[in-house]
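Down below is the structure, laid out as structure tokens.
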């Protein structure tokens, strides 16, 4: 058998089990002793090979778990009554599949503790804000803005709204971002809908960053209240923000001027708050 | 993905690759997941799929807004995990062959020690060995692996 002469030291070094002085001594020896250099180079190659083996095993476990789920019909489409339900079902099913495959493949349950807000978000998130259809109608109107030709920012905004309505959130996000840029970064409606596009894709933290200034700073009360409600939803999707989401929902539920008063009250009832 | 011209097979592949990346990240000692797992996974799927689109769609019209944006998207680190894994697999294919010839007990003790980073005590418990035997067995297995590799290379 080809035995390593310095295996004990190489093992301790690779496992970061040496003290500072031992580590320094090993590194000095490594710099000056060709035999140790040769052995360490071979030892490292074995470790890299082991890493590659571990990756192969992981892929194989994931593939197998996915195949098992597929063979059990987990990914197959089921009839659903409407577009919104289809959207929610698809997101939920893929999320569930991810959780199951991960758990089956690598046993990482400790990372996957169920979160109440997640299930609440999936079940109750209204995909379309109340202003969506009204905005599309009004911007599409030939008399919008009083001028014959709509500005670039408004045209882009309208494209974004239509994409959003079709639940093509990737595209909507691009149109809204371009609309916002064309407006010099100063269009709360484009900013709100850009935030909504992130929210629809469950990128809660990005959504929050965009919605918060609209919820707090714009003059238009309807838009402000709408942003406030979705800001609370964006927070409800982030474990560290659950309490703040609830507080904000309570505030909305008590606000007589908010069109989202009832929705907020319903939200609170469902989470038992 | 399906909306952007991907097939069901593409979706399956990307989904599995995203899970691979997620698990690799979760195993990093300093990595802490800040968002929901499903949110995080969605982000990885998105990055992997966009990277794939960018690499494969040379014929897609350049005015396509998604692709235009992707040219400036720098948040594509997820792809590098897959590239690194593929490179490693290619570069150390000879060690992989040697590992296949090693007995299962040896393979397991090497992986548990150097990849999963388990302590000797944890390995002793999992593999039902005496604590003192773990190190002896590990050294024996590394030497054995080295011998197999040399035989393969000769």
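Chains as they are written, first to last, in the working numbering: chain H, 97 to 369; chain U, 6 to 159. Beta carbons are placed, not taken as given, at the ideal position from N, Cα and C, and that holds for glycine. These figures come from a predicted structure and were not determined experimentally.
Residue i, DSSP secondary structure in three states
{"i": "residue 52 of chain U", "result": "helix"}
{"i": "residue 57 of chain U", "result": "helix"}
{"i": "residue 36 of chain U", "result": "coil"}
{"i": "residue 12 of chain U", "result": "coil"}
{"i": "residue 356 of chain H", "result": "coil"}
{"i": "residue 101 of chain H", "result": "coil"}
{"i": "residue 85 of chain U", "result": "helix"}
{"i": "residue 321 of chain H", "result": "helix"}
{"i": "residue 315 of chain H", "result": "coil"}
{"i": "residue 128 of chain U", "result": "helix"}
{"i": "residue 299 of chain H", "result": "coil"}
{"i": "residue 110 of chain U", "result": "helix"}
{"i": "residue 226 of chain H", "result": "coil"}
{"i": "residue 116 of chain H", "result": "helix"}
{"i": "residue 331 of chain H", "result": "helix"}
{"i": "residue 76 of chain U", "result": "Its pLDDT being 45, under 50, residue 76 of chain U is placed unreliably by the model, and the measurement read from it follows with that caveat. Correct three-state label for residue 76 of chain U: coil."}
{"i": "residue 123 of chain U", "result": "coil"}
{"i": "residue 111 of chain H", "result": "coil"}
{"i": "residue 41 of chain U", "result": "coil"}
{"i": "residue 22 of chain U", "result": "helix"}
{"i": "residue 92 of chain U", "result": "helix"}
{"i": "residue 115 of chain U", "result": "helix"}
{"i": "residue 133 of chain U", "result": "coil"}
{"i": "residue 232 of chain H", "result": "helix"}
Element boundaries [alpha helix (DSSP H), containing residue i]
{"i": "residue 238 of chain H", "result": "No alpha helix (DSSP H) holds residue 238 of chain H; DSSP gives it neither H nor E."}
{"i": "residue 147 of chain U", "result": "136-158"}
{"i": "residue 139 of chain H", "result": "130-167"}
{"i": "residue 102 of chain U", "result": "98-106"}
{"i": "residue 259 of chain H", "result": "248-261"}
{"i": "residue 289 of chain H", "result": "284-296"}
{"i": "residue 267 of chain H", "result": "265-278"}
{"i": "residue 341 of chain H", "result": "338-349"}
Contacts that residue i makes with chain U (C-beta to C-beta distance below 9 Å)
{"i": "residue 322 of chain H", "result": "Result: empty, since nearest Cβ-Cβ is about 22 Å, beyond 9 Å."}
{"i": "residue 162 of chain H", "result": "17, 20, 21 and 24"}
Rounded straight-line distance, which links the Cα of residue j to that of residue i
{"i": "residue 310 of chain H", "j": "residue 52 of chain U", "result": "28 Å"}
{"i": "residue 280 of chain H", "j": "residue 90 of chain U", "result": "43 Å"}
{"i": "residue 270 of chain H", "j": "residue 256 of chain H", "result": "7 Å"}
{"i": "residue 55 of chain U", "j": "residue 272 of chain H", "result": "19 Å"}
{"i": "residue 266 of chain H", "j": "residue 293 of chain H", "result": "8 Å"}
{"i": "residue 15 of chain U", "j": "residue 154 of chain H", "result": "19 Å"}
{"i": "residue 268 of chain H", "j": "residue 13 of chain U", "result": "23 Å"}
{"i": "residue 358 of chain H", "j": "residue 349 of chain H", "result": "6 Å"}
{"i": "residue 143 of chain U", "j": "residue 146 of chain H", "result": "13 Å"}
{"i": "residue 283 of chain H", "j": "residue 225 of chain H", "result": "17 Å"}
{"i": "residue 133 of chain H", "j": "residue 149 of chain U", "result": "20 Å"}
{"i": "residue 178 of chain H", "j": "residue 362 of chain H", "result": "With a pLDDT of 39 at residue 178 of chain H, under the threshold of 50, the predicted position of this residue should be treated as unreliable, though the coordinate-derived value follows. Computed Cα separation, rounded: 22 Å."}
{"i": "residue 117 of chain H", "j": "residue 340 of chain H", "result": "49 Å"}
{"i": "residue 313 of chain H", "j": "residue 26 of chain U", "result": "39 Å"}
{"i": "residue 153 of chain U", "j": "residue 260 of chain H", "result": "59 Å"}
{"i": "residue 23 of chain U", "j": "residue 325 of chain H", "result": "32 Å"}
{"i": "residue 115 of chain U", "j": "residue 33 of chain U", "result": "18 Å"}
{"i": "residue 253 of chain H", "j": "residue 290 of chain H", "result": "10 Å"}
{"i": "residue 331 of chain H", "j": "residue 338 of chain H", "result": "6 Å"}
{"i": "residue 108 of chain U", "j": "residue 159 of chain U", "result": "21 Å"}
{"i": "residue 137 of chain H", "j": "residue 93 of chain U", "result": "15 Å"}
{"i": "residue 65 of chain U", "j": "residue 57 of chain U", "result": "Because residue 65 of chain U sits at a pLDDT of 47, beneath the cut-off of 50, its placement in the model cannot be relied upon, and the following sentence gives the value as read from the coordinates. Looking at the two C-alpha atoms, the distance is approximately 13 Å."}
{"i": "residue 130 of chain U", "j": "residue 360 of chain H", "result": "52 Å"}
{"i": "residue 247 of chain H", "j": "residue 229 of chain H", "result": "20 Å"}
{"i": "residue 298 of chain H", "j": "residue 333 of chain H", "result": "8 Å"}
Closer than 8 Å at the beta carbon, the chain U residues around residue i
{"i": "residue 306 of chain H", "result": "Those within 8 Å of residue 306 of chain H in chain U number zero; the least Cβ separation is about 16 Å."}
{"i": "residue 152 of chain H", "result": "94 and 101"}
{"i": "residue 158 of chain H", "result": "21, 24, 25 and 28"}
Per-residue contacts from residue i into chain H (C-beta, under 8 Å)
{"i": "residue 155 of chain U", "result": "98"}
{"i": "residue 36 of chain U", "result": "Those do not exist, as residue 36 of chain U stays about 10 Å from chain H at its closest Cβ, beyond 8 Å."}
{"i": "residue 148 of chain U", "result": "97, 98, 99, 100 and 103"}
{"i": "residue 44 of chain U", "result": "298, 299, 300 and 333"}
{"i": "residue 136 of chain U", "result": "Correct list: empty, because the minimum Cβ distance to chain H is about 15 Å."}
Where residue i meets chain H, residues with beta-carbon distance less than 7 Å
{"i": "residue 85 of chain U", "result": "The contacting residues do not exist; residue 85 of chain U stays about 14 Å from chain H at best."}
{"i": "residue 139 of chain U", "result": "Neighbours of residue 139 of chain U on chain H: none; closest Cβ ~11 Å, over 7 Å."}
{"i": "residue 97 of chain U", "result": "141, 144, 145 and 148"}
{"i": "residue 120 of chain U", "result": "146, 147 and 150"}
Residues that residue i contacts on chain U, provided the C-beta gap is smaller than 7 Å
{"i": "residue 138 of chain H", "result": "151"}
{"i": "residue 155 of chain H", "result": "25"}
Listed by chain order, chain H residues near residue i by CB distance under 9 Å
{"i": "residue 11 of chain U", "result": "Chain H residues near residue 11 of chain U: none, gap ~12 Å exceeds 9 Å."}
Could you list the residues in the segment 284-300 of chain H with a C-beta less than 7 Å from some C-beta on chain U, going in chain order?
Cβ proximity to chain U below 7 Å picks out 297, 298, 299 and 300 from the segment 284-300 of chain H.
What residues in the segment 245-262 of chain H bring their beta carbon closer than 7 Å to a beta carbon of chain B?
Looking for chain B here will not work: the only protein chains present are H and U.
Contact set between the segment 108-139 of chain H and chain U, restricted to residues whose Cβ is under 8 Å from the partner
110, 111, 138 and 139
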